[in-house]
Ligand SMILES: Cc1cc2nc3c(=O)[nH]c(=O)nc-3n(C[C@H](O)[C@H](O)[C@H](O)COP(=O)(O)OP(=O)(O)OC[C@H]3O[C@@H](n4cnc5c(N)ncnc54)[C@H](O)[C@@H]3O)c2cc1C
């Protein structure tokens, strides 16, 4: 049991069925809440399904939450909200135990202890995984099955939420496509990230941040949306195999000894440095050499450790046991999102956000590898706990709730995706960002506004016109609130 207080039956709306939404729903339901779990896509088709490396947790004898915190802070480039990172690192070991109780089988070593992977920025092996690099798939399948069977969870699949409902300034539920309404004492958004807004990405196409827009339209603040993490090693499509383009080759493979080389066959970066550093070194190398990719050499790595990566690469014509893999950075993880506190509450009463759509501030300006799955679960539990303590809806709410819809956003065009990649990619200029503010897509315009506001370079955000990190921006976050000018907030 979660140790949550006992409640009467409450109705909770959870939007999104990736790791964050599934776990939030299960935590709330086992505490007696009635949950409506709504997903625009079938269960087991979320981004979480594709997560490879695993989830970070200090479970090794020689590790500790304090050491995990120190690595998270170092990777985050003086922008990590310490209190949030502490919640994550202290809560992570219990999450691994709970997922195990829920039936997820993590990989073990020969002695039966958890097998732990190493990824960039971690000074110690602490990445718990399942099925080699099939961690997301294993977790999502198991949690989806539990949610589908749970008598208190009503699952609506293939049902996009089009607006948040409000009553007396509080979120009171959601509106579904077609106009049907679902009311709840609390609404939790777990709608995932926005990396597929960029033309080159590791993310499936639906990851375009629509939950962030839903929340913004309902009055919620967004934070740090200029901070997009670029993964260093996404395959560059070769031999006309567009299927391969953007396929992520997990950092855990570099943790097992894979190396990066330039055209001349020379190493040019510490492969296990934090992601911003490795991605930027590759970007600079590509500019210098005018090549479109660098080579990832995993010929010395046991292919049996990463069966699904190896079989996918083979299916697109690359034999990683004998050939070099062409890779380059791609948009991967939105560190910003709906601004939330330590209980996952947004700035709108009754509205929560968890997982990649949220911004707790814990990733700072450069997420530490494998902290995002952990975040989905640790903050999912926080959200379930806090949401269940919300006051019941007023009797009048059902009839009097107001939709915050302003109509469907214009469809995302390839032109917007390419503009974002060009003007808000690994290298940005004030001029390019100003151009982006005229884009047809509202979230692209908001990202440009946030990026213009951050007048420095830090972590994932690099501006040619402000090339240095500015200490005056340490622990400062760019917050966008509907109807207000962009603000800077200091988060500790
Ligand atoms: C290839 C890849 C590998 C990765 N590997 C790792 C890793 O090893 N470790 C790690 O920590 N992180 C990894 N990540 C990042 C991590 O997978 C994500 O950050 C995390 O899974 C996000 O989970 P989520 O539950 O927040 O969102 P998602 O898993 O993206 O789920 C979002 C859900 O919201 C639903 N939804 C969205 N909008 C609506 C709407 N309007 N109405 C209804 N439903 C909606 C979707 O259908 C979906 O069910 C990886 C990401 C990718 C793409």
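Residue numbers (our numbering): 290 to 781.
For each residue, glycine too, the CB sits at the ideal point set by N, CA and C.
Quick check on DSSP: helix, strand or coil for residue 328? strand
When DSSP labels each residue in this structure, what does residue 618 get in the three-state scheme? strand
With respect to 6 Å, is the separation between the Cβ of residue 645 and the closest non-hydrogen atom of ligand 1 below this value? yes
Over the uninterrupted beta strand (DSSP E) stretch that includes residue 550, give me the two end residues. 548 to 550
Uninterrupted alpha helix (DSSP H) stretches inside the stretch 684 to 730 (no shorter than 4 residues): 686 to 689, 703 to 712 and 719 to 725
Continuous alpha helix (DSSP H) stretch holding residue 357: start and end: Taken as a continuous stretch (DSSP letters only), the alpha helix (DSSP H) holding residue 357 covers 354 to 364.
Are residue 303 and residue 477 closer than 7 Å when you measure CB to CB? yes
With a threshold of 16 other CB atoms inside 10 Å of the CB of residue 602, please say whether the residue is buried or exposed. buried
Cβ contact (3+ pairs, closer than 8 Å) linking the stretch 436 to 445 and the stretch 316 to 329: yes
Taking the C-alpha atoms as reference points, what is the distance between residue 431 and residue 382? 19 Å
Who does residue 665 pair with in a DSSP beta bridge? For residue 665, which the question treats as bridged, DSSP gives no partner whatsoever.
Under three-state DSSP, which class holds residue 290? Residue placement at residue 290 is poorly supported in this model, since its pLDDT is 36, which falls under 50; the coordinates are not used for a value here.
Using 8 Å as the cut-off, can you tell me whether the stretch 682 to 696 makes contact with the stretch 591 to 610, which would need three or more C-beta pairs spanning the two stretches below that distance? no
Measure the CB-CB distance between residue 625 and residue 728 and report whether it falls below 7 Å. no
Does the count of Cβ pairs from the stretch 350 to 357 and the stretch 458 to 478 closer than 8 Å reach three? no
Measuring only from the beta carbon, is residue 420 closer than 6 Å to any heavy atom that is part of ligand 1? no
Contained alpha helix (DSSP H) runs [length at least 4] in the stretch 414 to 478, N- to C-terminal order: 424 to 438
C-alpha distance - residue 534 paired with residue 474, whole-angstrom precision: Computed Cα separation, rounded: 43 Å.
Measure the C-alpha to C-alpha separation of residue 470 and residue 732 and round it to an integer number of angstroms. If I take the Cα positions, the gap works out to 25 Å.
Can you tell me the Cα-Cα spacing of residue 461 and residue 677, whole angstroms? 14 Å
What distance in whole Å lies between the Cβ atoms of residue 345 and residue 306, which are believed to be in contact at a cut-off of 8 Å? About 23 Å; that fails the 8 Å criterion.
If you measure from the CB of residue 665, is any heavy atom of ligand 1 nearer than 6 Å? yes
At what residues does the beta strand (DSSP E) containing residue 777 begin and finish? 776 to 779
Based on the DSSP secondary-structure assignment, which residues constitute the bridge partners of residue 344? 417
Between residue 388 and residue 590, what straight-line distance do the alpha-carbon atoms span, to the nearest angstrom? 29 Å
heavy atom of ligand 1 below 6 Å from residue 327 C-beta: yes
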